[in-house]
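S.K.: Have a look at the structure that comes next, please.
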Amino acid sequence: MAPPHLLELGRFLMARRAEVSPNQVGLPDAGKRRTPGLRREEVALLAGVGVSWYTWIEQGRAENVSGEVLDSIARVLRLSENQRLYLRQLAGVQAVPLLPDAPPEAEAMRPFVENWWPNPAYIADHAWNVVVANAAAESLLGMVDEHPGDARLGRRRPYNILREFFTNDRARSAYPLWDKIAPTVVARFRSQAALHIEDAAIPALVAELRVASPLFAQLWDRHEVLEDSCGPEVLTHPAVGDLHFTRATLDFTRRIALRMTVFLPAPGTGTEAALRRMSHVTLSQRMNSLNRDDLVGEAR
1 MAPPHLLELG RFLMARRAEV SPNQVGLPDA GKRRTPGLRR EEVALLAGVG VSWYTWIEQG
61 RAENVSGEVL DSIARVLRLS ENQRLYLRQL AGVQAVPLLP DAPPEAEAMR PFVENWWPNP
121 AYIADHAWNV VVANAAAESL LGMVDEHPGD ARLGRRRPYN ILREFFTNDR ARSAYPLWDK
181 IAPTVVARFR SQAALHIEDA AIPALVAELR VASPLFAQLW DRHEVLEDSC GPEVLTHPAV
241 GDLHFTRATL DFTRRIALRM TVFLPAPGTG TEAALRRMSH VTLSQRMNSL NRDDLVGEAR
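Counting from 1, one number per residue, gives the positions in the sequence shown under full-length UniProt numbering.
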């Protein structure tokens, strides 16, 4: 008896095969068929696999089918990205989604972080580039505009959690236990980055930081990994002092490769009250900044 997950894989393929007509894949239409869709032999031919092997896959008998073969079949059957991943999951092979051509608009993600106010929250991509953050996170982690990028093209380099941690003194000052937690930051990044190690952004960032920070290079060469979903975090703010949190990282769908990090006040540490005080300072600074911008605009 075939394992249930392989039987389901076979049923799934048969259902999808029935939905694809010959002319959709460039085959001549030979008239009405007894059953709709492609024949097994046609799928096997177009996917570059043997007919017998493809038949075994549909029968739930192929226990060692490779991800490459499944991707070829997914291409022939015109499967969506979610369907391709489902196919791989049923077969028990690695199912890492392809990165989207374009990430979601930052403003579309803003409500997710604003709803946590006054708790700091931000959303970052697979390379730890911050997509959007609320004012508490911006103030606490020093997410100020220090990277003008190429002003001629109107582009600015995104705030990167890992880069700023190792190269920015202002960001470093937010971590009173910086020396102690540096190894865990690198281990957490390595663990998450492994899901998208083939993306050029990951080795480019690592190469940059190996040059910029000898400590990062040393820690990266340890090849340590650490689970990244939650953990204690101590941060400091010049207006309120040390703040004690539980850091919680929440995944959106793996397809868009975004994660939201929220800092929740640790009970009994006074952090909740300190965050309220910090929020007043942050809002006052923002209002003053807006007023200055208005005055400059009027002067022009």
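The beta-carbon is built from N, C-alpha and C at its ideal position, and this holds for glycine as well.
#1: Using C-beta distances below 7 Å, list every residue in its chain close to residue 10, excluding the 5 sequence neighbours before and after it, in chain order.
#2: Keeping to the same chain, check which residues put their C-beta closer than 8 Å to that of residue 209; ignore five residues upstream and five downstream.
#3: To which residues of the same chain is residue 118 closer than 8 Å at the C-beta, ignoring the five residues directly before and after it?
#4: Using DSSP's beta-bridge definition, name the partner residues of residue 129.
#5: Quick check: the Cα distance between residue 207 and residue 199, rounded to an integer number of angstroms?
#6: From the DSSP output, in three-state form, read off residue 63 for me.
#7: Does DSSP put residue 124 in a helix, in a strand, or in coil?
#8: In terms of alpha-carbon separation, which member of 229, 91, 267 and 176 lies closest to residue 247?
#9: Given a cut-off of 8 Å, decide if residue 190 and residue 225 are closer than it, judged by their beta-carbon atoms.
#10: Would residue 309 and residue 235 be called neighbours here (beta carbons separated by less than 8 Å)?
#11: Residues bridged to residue 228 by DSSP?
#12: Which residues mark the beginning and the end of the beta strand (DSSP E) in which residue 248 is found?
#13: When you compare only the Cα positions, how much space is there between residue 79 and residue 104?
#14: Would you check if the distance between the CB atom of residue 196 and the CB atom of residue 257 is smaller than 8 Å?
#15: Do residue 17 and residue 43 have their beta-carbon atoms positioned less than 8 Å apart in this structure?
#16: Taking the alpha-carbon positions, what's the residue 75 to residue 267 distance?
#17: Where does the unbroken alpha helix (DSSP H) through residue 14 begin, and where does it stop?
#18: Quick one: residues in its chain with C-beta nearer than 7 Å to the C-beta of residue 19, no 5 flanking neighbours on either side, listed in chain order?
M.R.: Walking through what the data contain:
#1: In the sequence shown, residue 10 corresponds to position 10, counting from 1. Non-local C-beta neighbours of residue 10 in its own chain, meaning closer than 7 Å and more than five positions away in sequence, comprise 57, 58, 59 and 60, ordered along the chain.
#2: The residue given as residue 209 occupies position 209 in the sequence shown. Cβ within range, chain order: 162, 163, 166, 167, 216, 217 and 220.
#3: Residue mapping note: residue 118 aligns to position 118 of the sequence shown, counting from 1. Excluding residues within five positions, the ones whose Cβ falls inside 8 Å are 136, 275, 276, 278 and 279.
#4: Locating residue 129 in the sequence shown gives position 129, counting from the first residue. Residue 129 pairs with 160.
#5: Numbered from its first residue, the sequence shown carries residue 207 at position 207. Numbered from its first residue, the sequence shown carries residue 199 at position 199. If I take the Cα positions, the gap works out to 13 Å.
#6: By one-based count along the sequence shown, residue 63 stands at place 63. If DSSP states are grouped into helix, strand and coil, residue 63 belongs with coil.
#7: Residue numbering aside, residue 124 sits at position 124 when the sequence shown is read from its first letter. Here residue 124 sits in strand by DSSP.
#8: Numbered from its first residue, the sequence shown carries residue 247 at position 247. Comparing Cα-Cα distances from residue 247 to each of 229, 91, 267 and 176, the minimum goes to 229.
#9: Position 225 of the sequence shown holds residue 225. Position 190 of the sequence shown holds residue 190. Yes. Within cutoff.
#10: Here the chain covers residues 1 to 300 and nothing more, so residue 309 does not appear.
#11: Within the sequence shown, numbered from 1, the residue matching residue 228 stands at position 228. Per DSSP, none; premise fails for residue 228.
#12: Looking up residue 248 in the sequence shown gives position 248. Start and end: 241 to 251.
#13: Position 79 of the sequence shown, counted from the start, is the residue given in the question as residue 79. Position 104 of the sequence shown, counted from the start, is the residue given in the question as residue 104. One C-alpha to the other measures close to 22 Å.
#14: The count along the sequence shown starts at 1 and reaches residue 196 at position 196. The count along the sequence shown starts at 1 and reaches residue 257 at position 257. In this structure, residue 257 lies closer than 8 Å to residue 196 by Cβ.
#15: Here residue 43 corresponds to residue number 43 of the sequence shown, with the count starting at 1. Here residue 17 corresponds to residue number 17 of the sequence shown, with the count starting at 1. Contact flag set, yes.
#16: The residue you call residue 75 lines up with position 75 of the sequence shown. The residue you call residue 267 lines up with position 267 of the sequence shown. Computed Cα separation, rounded: 52 Å.
#17: Start at 1 with the first residue of the sequence shown, and residue 14 comes out as number 14. Where residue 14 is concerned, the enclosing alpha helix (DSSP H) stretches over 4 to 17.
#18: Here residue 19 refers to the residue found at position 19 of the sequence shown. So the qualifying residues of the chain are 37.
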